[in-house]
Amino acid sequence: MIYKGIIERYRKYLPVTEKTPIVSLFEGNTPLLRAHNIEKHMGVKFRIYLKFEGANPTGSFKDRGMTMAISKAVEEGSKAVICASTGNTAASAAAYSARAGIKCSVIIPDGSIALGKLSQAMMHGAKVIALKGNFDEALKIVLEITKNYPITLVNSLNPYRIEGQKTASFEIMDFLGCSPDYHFIPVGNAGNITAYWKGYKEYCAKKKLTHHTCVLPHMMGFQASGSAPIVRGKPIKNPKTLATAIKIGNPASWKKAEAARDESKGVIDIVTDAEIVKAYKLLAALEGVFVEPASAASLAGLIKYFKKGSLNCQPSTVNSQPVIVCTLTGHGLKDPDRAIKSATRPKVLGQDMKKIIKEIGL
Ligand code: AN7
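First residue of the sequence shown: 316, per this note's numbering; consecutive thereafter.
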């Protein structure tokens, strides 16, 4: 069958009917890549898989939730949507709105979103407002607007967003035949960890994986140390991190993320910007997987917990060799500035064959 996106594939697990007009860019069905080189580099005895969500149509996991949110908005007769965003939600909302032929407005923190994301929102014709303020302040304004005007909220407080995003867990379980032992994931506004946990629980229950005991994974969420409200136990007024996607001081799905952590016997912890950049470079150099910095928080968290000796690496009931999945939420091309700052600059040479050959190292 030709692949037509997450709603067509997982229709029976989603709140859609025959009447729902499906607005899709054929999102989902993203690679689950075995990270052999990183396993070797770390010297681990478990299997590490990378769920590369940068392979979605607009380059981030947001497309899973957005196909649902925009399809339902159109079904309900909405002519306009709005979101606050650190960039990826804005890019995705703008693209799906363009496809649906509805109006899209996005409020972004001025100066704090990566260039790729800004260019997407602009090119897809969204009304882009750069707010003098941070993401949390932008979200507050957006919530106020949606309360008082006929415009649909497409932040992850919109329950359809979570419904769409939970399909990433379905794909992982379809691929592995069961759930992983640990699931590492970046945490910003905390919608994604909420969605994955919902997905694992529902799929385990509904599929009745009778050939396996379905043991749910431990959800391992990671915030950047300068913007880690859930870990610190209080909102952060001026969150700081180079991973601008997760520069969020007061996550909307705070309580649900804590529930996912507690029910799954997982953790929500911090990684430093230095640890994020290290993982960001490892993924690109060792696995050929280019992600944006926020996405590397999952691998950074895995490296941190492996070093601490905090992972149970014994064979589990389900997997003879423990299986770990890291979600990589967005594509590296989203944030070209950070890439150029993090890697070796190209050498500028004249058309001198000898010098070129020497530089190549032949
Ligand atoms: C690449 O676009 O919040 O914990 O406004 O873009 O579900 O918020 C982005 C979040 C991780 C965190 N990685 O996910 C937005 C926005 C990337 C992201 C997250 C985001 P949530």
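Heads up, the beta-carbon is just placed ideally off N, CA and C, and yes, glycines get one too.
- Message: The alpha helix (DSSP H) that contains Lys570, what's its start and end?
- Response: Trp569 to Glu578
- Run through DSSP, which three-state label would Cys519 get? helix
- What is the DSSP secondary structure of Val457, counted as helix, strand or coil? helix
- Item | Beta-carbon contacts of Leu454 that lie in its chain and below 6 Å, excluding the five residues immediately before and after | Ala399
- Hey, is Gly647 close to the ligand AN7, as in C-beta under 7 Å from one of its heavy atoms? no
- Message: Between which residues of its own chain and Ile460 is the CB-CB distance below 7 Å, once the five residues before and five after are set aside?
- Response: Ile397 and Ile466
- Message: Given 7 Å as the limit, tell me if Glu607 has its C-beta closer than that to any heavy atom belonging to the ligand AN7.
- Response: yes
- Based on Cα-Cα distance, which residue from Asp667, Gly492 and His646 lies nearest to Ala406? His646
- What are the residues that DSSP puts in a beta bridge with Tyr318? Tyr318 is not bridged to any residue.
- Message: Rounded to whole angstroms, what is the Cα-Cα separation between Tyr325 and Gly665?
- Response: 55 Å
- May I ask you to report which of helix, strand or coil DSSP gives Ile639? strand
- Task: Taking Ser657 as the reference, give the member of Glu607, Met668, Val640 and Val663 with the closest Cα.
- Result: Glu607
- Message: In chain order, what are the residue ranges of uninterrupted alpha helix (DSSP H) at least 4 long that sit wholly in the segment 319-402?
- Response: 321-324, 351-357 and 377-390
- Can you list, in chain order, the residues of its chain whose CB lies under 7 Å from that of Leu264, leaving out five sequence neighbours each side? Residue coverage of the chain in this structure runs from 316 to 677, which leaves residue 264 outside it and unanswerable.
- Give, in chain order, every unbroken run of the beta strand (DSSP E) that is at least 3 residues long and sits entirely within the segment 589-620. none
- Task: For Val554, collect the residues of the same chain with a Cβ closer than 7 Å to its Cβ; drop the 5 residues on either side in sequence, then sort them by chain order.
- Result: The question names Val, but residue 554 in the sequence shown is Pro. So the list reads Asn449, Gly541, Ser542, Lys562, Ile563 and Gly564, once near-sequence residues are dropped.
- Between the beta-carbon of Ala445 and the beta-carbon of Ile417, is there less than 8 Å? no
- Message: Within 8 Å, do at least three Cβ pairs link the segment 373-384 to the segment 336-349?
- Response: yes
- Item | Integer Cβ distance of Ala560 from Gly503, believed to fall under 8 Å | 6 Å
- Message: Once DSSP output is grouped into helix, strand and coil, what is the label at Gly492?
- Response: coil
- Span separating the alpha-carbon of Ala505 from that of Gln538: 10 Å
- Determine, using beta carbons only, whether Ala441 and Ser427 come nearer to each other than 8 Å. no
- Enclosing alpha helix (DSSP H) for Gln629 [first to last residue]: Premise fails: Gln629 is in no alpha helix (DSSP H) and is neither H nor E.
- Query: Should Tyr464 be labelled buried (16 or more other beta-carbon atoms within 10 Å of its own) or exposed?
  - Reply: exposed
- Taking only heavy atoms of the ligand AN7 into account, decide whether any of them is closer than 7 Å to the Cβ of Ile456. no
- Task: Decide if the segment 595-614 is in contact with the segment 327-339; the criterion is three or more beta carbon pairs, one per stretch, under 8 Å apart.
- Result: no
- Message: the ligand AN7 and Lys481: does the residue's C-beta get closer than 7 Å to at least one heavy atom of that ligand?
- Response: no
- Item | Three-state secondary structure assigned by DSSP to Leu446 | strand
- Item | Boundaries of the alpha helix (DSSP H) in which Tyr475 is found, first to last residue | Pro474 to Gln480
- Query: Going by other Cβ atoms of all chains shown within 10 Å of its Cβ, with 16 needed for buried, is Glu590 buried or exposed?
  - Reply: buried
- Item | For Gly431, the first and last residue of its enclosing alpha helix (DSSP H) | Leu430 to Met438
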